[in-house]
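A.B. asks: Numbering (UniProt numbering), first residue to last: 1 to 362. By construction, the Cβ of each residue, glycine as well, lies at the ideal position given by its N, Cα and C atoms.
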């Protein structure tokens with residue numbers, strides 16, 4: 001079953017030449033660090049979900065599925081993430097609300113893992129994946145604490161709600177169902193492939209990519225180590241935090257970024273994570289396969305890829321890490337949301353069909 005979008009776009013906009021934007025309004029981001037989390041209602045219960053561009057499908061925890069009265073549809077999916085695979089049932093909710101939109105018959109894949117605690121009095125119960133996000137232009141404005149979902153018609157500019165210049169980054173589709181976002185970036189001047197993954201707490205590159213960028217085994221021996229935890233809940237050792245000379249995304253150059261180096265299962269792609277989104281405005285156009293970046297005025301020391309951690313179990317999103325990395329620390333754990341998913345059955349229900357009224361923009 002295909003995905004229906006949250007918005008019903010007016011059909012006359014193309015004909016009269018007026019730029020029209022359909023939107024649910026700004027979705028407040030409830031956390032100040034890590035992967036973005038927004039408020040939702042599921043079967044009348046207040047909850048929160050991670051916005052995860054690196055996950056193929058939308059998910060809910062097993063505990064929340066039971067507590068909120070979701071119904072098993074009888075469909076099962078094989079889900080793969082950065083630490084392995086798992087079989088997951090497809091569950092149906094009678095009603096979901098997001099922003100100004102509501103829907104019935106919402107389908108979410110159930111995960112055994114927890115998505116992490118509570119925020120603003122709401123339990124964090126799951127994530128919105130690319131099956132849902134692909135219906136929109138997604139505007140991440142995490143520096144201002146909000147995300148917007150748009151559908152555009154008749155607009156001459158690709159970013160009609162932005163003022164001022166932006167830089168464009170071309171991207172390509174990844175995965176069996178081509179739902180994820182891939183792009184080419186430069187690490188220490190060397191080209192590497194990456195995936196935009198808002199569900200990844202921190203930007204990480206593969207060991208082979210780090211070697212290409214000039215990182216040696218002796219360099220790694222001086223770095224802090226960490227453990228990754230993915231969609232399956234399994235832990236993967238072997239990660240390092242390393243200070244590179246530069247990272248370039250499109251025309252934007254970020255000096256001295258602190259990035260993870262980890263043997264994650266991504267089919268050869270680095271993860272461009274929430275630390276990037278937290279310090280830049282990013283517009284994702286699924287229709288045009290382009291990213292647009294509005295970089296905040298760079299300070300003397302650019303803080304986009306600075307990492308603030310605490311020495312144990314850093315949550316996937318919404319945690320309160322408080323120690324800047326400037327000296328060796330004990331072993332830590334970086335926990336990410338689901339990074340990918342394989343959907344073998346085209347007939348399996350997925351996505352969040354909701355309707356809302358379009359909002360014209362002058």
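Please report the distance separating the alpha-carbon of residue 294 from that of residue 167.
C.D. replies: Taking the chain shown and counting its residues from 1, one reaches residue 294 at position 294. Taking the chain shown and counting its residues from 1, one reaches residue 167 at position 167. Looking at the two C-alpha atoms, the distance is approximately 7 Å.
A.B. asks: May I have the straight-line CA-CA distance separating residue 65 from residue 257, to the nearest angstrom?
C.D. replies: Within the chain shown, residue 65 is the residue found at index 65, counting from 1. Within the chain shown, residue 257 is the residue found at index 257, counting from 1. About 39 Å.
A.B. asks: Express the C-alpha separation of residue 47 and residue 270 in angstroms, rounding to a whole number.
C.D. replies: The count along the chain shown starts at 1 and reaches residue 270 at position 270. The count along the chain shown starts at 1 and reaches residue 47 at position 47. The alpha-carbon atoms of residue 270 and residue 47 are separated by roughly 30 Å.
A.B. asks: With distances taken between CB atoms, is the gap from residue 205 to residue 249 smaller than 8 Å?
C.D. replies: Your numbering for residue 205 matches position 205 in the chain shown. Your numbering for residue 249 matches position 249 in the chain shown. No. Outside cutoff.
A.B. asks: Would you mind working out which of 296, 286, 305, 304 sits nearest residue 149, comparing C-alpha positions?
C.D. replies: Along the chain shown, one-based indexing puts residue 149 at 149. The candidate whose alpha carbon is nearest that of residue 149 is 286.
A.B. asks: Quick check: is any heavy atom of the ligand HEM less than 7 Å from the C-beta of residue 263?
C.D. replies: Ligands in the displayed structure: none, and consequently the ligand HEM is not present.
A.B. asks: For residue 169 and residue 247, which I take to be in contact (beta-carbon distance under 8 Å), what is that distance rounded to the nearest angstrom?
C.D. replies: As a working mapping, residue 169 is identified with position 169 in the chain shown. As a working mapping, residue 247 is identified with position 247 in the chain shown. Actually they do not touch by this definition, with Cβ atoms about 13 Å apart.
A.B. asks: Excluding the 5 residues flanking residue 171 on each side, which residues of the same chain have their C-beta closer than 7 Å to its C-beta?
C.D. replies: Your numbering for residue 171 matches position 171 in the chain shown. Cβ neighbours of residue 171 beyond the five flanking positions: 181, 182, 183, 289, 290, 291.
A.B. asks: Between residue 282 and residue 128, how many whole angstroms is the CB-CB distance? I'm expecting something under 8 Å.
C.D. replies: On the chain shown, residue 282 is found 282 positions in, with the first residue counted as 1. On the chain shown, residue 128 is found 128 positions in, with the first residue counted as 1. Contact flag wrong, Cβ pair sits at about 16 Å.
A.B. asks: Looking only at C-alpha atoms, which of 131, 45, 51 sits nearest to residue 30?
C.D. replies: Position 30 of the chain shown, counting from 1, holds the residue named residue 30. Here the closest residue by C-alpha is 51.
A.B. asks: Thinking residue 27 and residue 119 are a contact (beta carbons under 8 Å), I'd like their distance in whole angstroms, please.
C.D. replies: By one-based count along the chain shown, residue 27 stands at place 27. By one-based count along the chain shown, residue 119 stands at place 119. Contact doesn't hold; Cβ gap of about 14 Å is too wide.
A.B. asks: Would you please state the rounded distance, in angstroms, between the beta carbons of residue 121 and residue 60? I believe it to be under 8 Å.
C.D. replies: Residue mapping note: residue 121 aligns to position 121 of the chain shown, counting from 1. Residue mapping note: residue 60 aligns to position 60 of the chain shown, counting from 1. At roughly 19 Å, the Cβ-Cβ gap does not stay under 8 Å, so residue 121 and residue 60 are not in contact.
A.B. asks: For residue 196, count neighbouring Cβ atoms within 10 angstroms of its own Cβ and tell me buried if that reaches 16, exposed if not.
C.D. replies: As a working note, residue 196 is residue 196 in the chain shown. Result: buried.
A.B. asks: Rounding to the nearest angstrom, what Cα-Cα distance links residue 242 and residue 34 in this structure?
C.D. replies: As a first step, residue 242 must be located in the chain shown, where it is residue number 242. As a first step, residue 34 must be located in the chain shown, where it is residue number 34. So the alpha carbons of these two residues sit roughly 19 Å apart.
A.B. asks: Considering Cα atoms alone, identify which of 252, 36, 165, 41 is closest to residue 419.
C.D. replies: With the chain running from 1 to 362 in the structure shown, residue 419 is simply not present.
A.B. asks: To the nearest angstrom, how far is the alpha carbon of residue 371 from that of residue 264?
C.D. replies: Shown here, the chain extends from 1 to 362; a query on residue 371 therefore has no answer.
A.B. asks: Report yes if the CB atom of residue 56 is closer than 8 Å to the CB atom of residue 177, and no otherwise.
C.D. replies: For the purposes of this step, residue 56 is identified with residue 56 of the chain shown, where counting begins at 1. For the purposes of this step, residue 177 is identified with residue 177 of the chain shown, where counting begins at 1. Contact: yes.
A.B. asks: Jot down the residue ranges of each uninterrupted beta strand (DSSP E) in the segment 66 to 142, minimum 3 residues, whole runs only, in chain order.
C.D. replies: 71 to 81, 84 to 98, 101 to 111, 122 to 128, 137 to 141, all fully within the segment 66 to 142.
A.B. asks: Figure out for me which residue from 54, 212, 22, 223 has the closest Cα to the Cα of residue 175.
C.D. replies: Looking up residue 175 in the chain shown gives position 175. Here the closest residue by C-alpha is 54.
A.B. asks: Kindly indicate which residue of 221, 63, 102 has the alpha-carbon position closest to the one of residue 113.
C.D. replies: The count along the chain shown starts at 1 and reaches residue 113 at position 113. Per the Cα distances, 63.
A.B. asks: Run through DSSP, which three-state label would residue 226 get?
C.D. replies: Here residue 226 corresponds to residue number 226 of the chain shown, with the count starting at 1. Residue 226: strand per DSSP, three-state reduction.
A.B. asks: Using only alpha-carbon positions, find the residue among 78, 43, 216, 144 that is nearest to residue 89.
C.D. replies: Within the chain shown, residue 89 is the residue found at index 89, counting from 1. The candidate whose alpha carbon is nearest that of residue 89 is 78.
A.B. asks: Alpha carbon to alpha carbon, what distance is there between residue 41 and residue 396?
C.D. replies: Outside the shown range of the chain, which is 1 to 362, sits residue 396, and nothing can be said about it.
A.B. asks: To the nearest angstrom, report how far apart residue 86 and residue 110 are at their CA atoms.
C.D. replies: Here residue 86 refers to the residue found at position 86 when the chain shown is read from its first residue. Here residue 110 refers to the residue found at position 110 when the chain shown is read from its first residue. Taking the straight line joining both Cα atoms gives about 11 Å.
A.B. asks: Would you kindly work out how many angstroms separate the C-alpha atoms of residue 209 and residue 71, rounded to a whole number?
C.D. replies: Looking up residue 209 in the chain shown gives position 209. Looking up residue 71 in the chain shown gives position 71. Taking the straight line joining both Cα atoms gives about 43 Å.
A.B. asks: Determine the burial state of residue 267: buried for a count of at least 16 other Cβ atoms within 10 Å of its Cβ, exposed for fewer.
C.D. replies: Position 267 of the chain shown, counted from the start, is the residue given in the question as residue 267. Flag for residue 267 reads exposed.
A.B. asks: Might you give, ordered along the chain, the residues of its own chain that have their beta carbon closer than 7 Å to the beta carbon of residue 237, omitting 5 neighbours on each side?
C.D. replies: Mapped onto the chain shown, residue 237 falls at position 237. Counting only Cβ-Cβ distances below 7 Å, and skipping sequence neighbours, we find 227.
A.B. asks: If you follow the alpha helix (DSSP H) that residue 219 is part of, which residue opens it and which one closes it?
C.D. replies: As a first step, residue 219 must be located in the chain shown, where it is residue number 219. Element bounds for residue 219: 217 to 221.
A.B. asks: For the beta strand (DSSP E) holding residue 255, just list the boundary residues, first then last.
C.D. replies: Here the question's residue 255 lines up with position 255 in the chain shown. Unbroken beta strand (DSSP E) run through residue 255: 252 to 255.
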